[in-house]
Amino acid sequence: EAQVTQNPRYLITVTGKKLTVTCSQNMNHEYMSWYRQDPGLGLRQIYYSMNVEVTDKGDVPEGYKVSRKEKRNFPLILESPSPNQTSLYFCASSFYPGTEAFFGQGTRLTVV
Amino acid sequence: GESVGLHLPTLSVQEGDNSIINCAYSNSASDYFIWYKQESGKGPQFIIDIRSNMDKRQGQRVTVLLNKTVKHLSLQIAATQPGDSAVYFCAEIPNYGGSQGNLIFGKGTKLSVKP
């Protein structure tokens, strides 16, 4: 089954404790991206990756890092989480930029 | 800044009626638009897309209309069913083919279907 898998689904952490949210897709997509979803603000892109070892900032990259060492994986790293990063995060992938994106189930992160 | 927005945040319809969800966009350079459906607890799911060289596209029970003159996009759902209850997002991709493929989402419209 074609899918984008994120882990964990739910995470509660404390301010400053580094965390990683994993994302994996099995569709051989080149393009992957991370979004955060906040009430009243909709979905905003954090980072994206055009291919292996190619990443770039989206609209709200501050406080986040990503890596793309393999085509299928695109982890989101929060080096020092802060409460304003409490949000619902989605990973997405597509064959190439500007086409239908497949989204993961989401990761609800709470930073206290 | 340029953004994609929605006229109505909520929409309630009777089961069996047709639904129309509207979206206004401001980036005249956008040439690709997508409608997504997001059910509670799930990620957005692709419904239908349309290129700027088209003004109408039909899928199964859904139709997307694009009016470039007034920068307006709409999603029509025929014979709305309880399973259609969700939040619907329009998204645009500015300068398709030359951009990084950044989907710019609207705020969303919550559709509630009354049995």
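Chains as they are written, first to last, in our numbering: chain P, 1 to 112; chain L, 1001 to 1115.
For each residue, glycine too, the CB sits at the ideal point set by N, CA and C.
Buried or exposed: glutamine 6 (chain P), going by 16 or more other Cβ atoms within 10 Å of its Cβ?
buried
Does glutamine 85 (chain P) come out as helix, strand or coil in the three-state DSSP assignment?
helix
What residues match up with threonine 120 (chain P) in a beta bridge as DSSP calls it?
As shown, chain P starts at 1 and ends at 112. That puts residue 120 (chain P) outside it, with no answer to give.
If we count Cβ pairs, one from each stretch, closer than 8 Å, do we get three or more for the segment 38-49 of chain P versus the segment 1017-1033 of chain L?
no
Just to confirm, are alanine 1086 (chain L) and leucine 1103 (chain L) a CB contact at a threshold of 8 Å?
no
What residue range does the beta strand (DSSP E) around valine 52 (chain P) cover?
Note, valine 52 (chain P): premise wrong, no beta strand (DSSP E); not H, not E.
Does any C-beta atom of chain L lie closer than 8 Å to the C-beta of glutamine 45 (chain P)?
yes
What whole-angstrom Cβ distance do leucine 11 (chain P) and leucine 109 (chain P) have, given they're in contact under 8 Å?
5 Å
For the beta strand (DSSP E) containing asparagine 1027 (chain L), list its first residue and its last residue.
Asparagine 1027 (chain L) -> no beta strand (DSSP E), and no H or E assigned at all.
Are the C-beta of phenylalanine 1105 (chain L) and some C-beta of chain P separated by less than 8 Å?
yes
Counting pairs of Cβ atoms below 8 Å between the segment 1039-1053 of chain L and the segment 47-55 of chain P, do you hit three or more?
no
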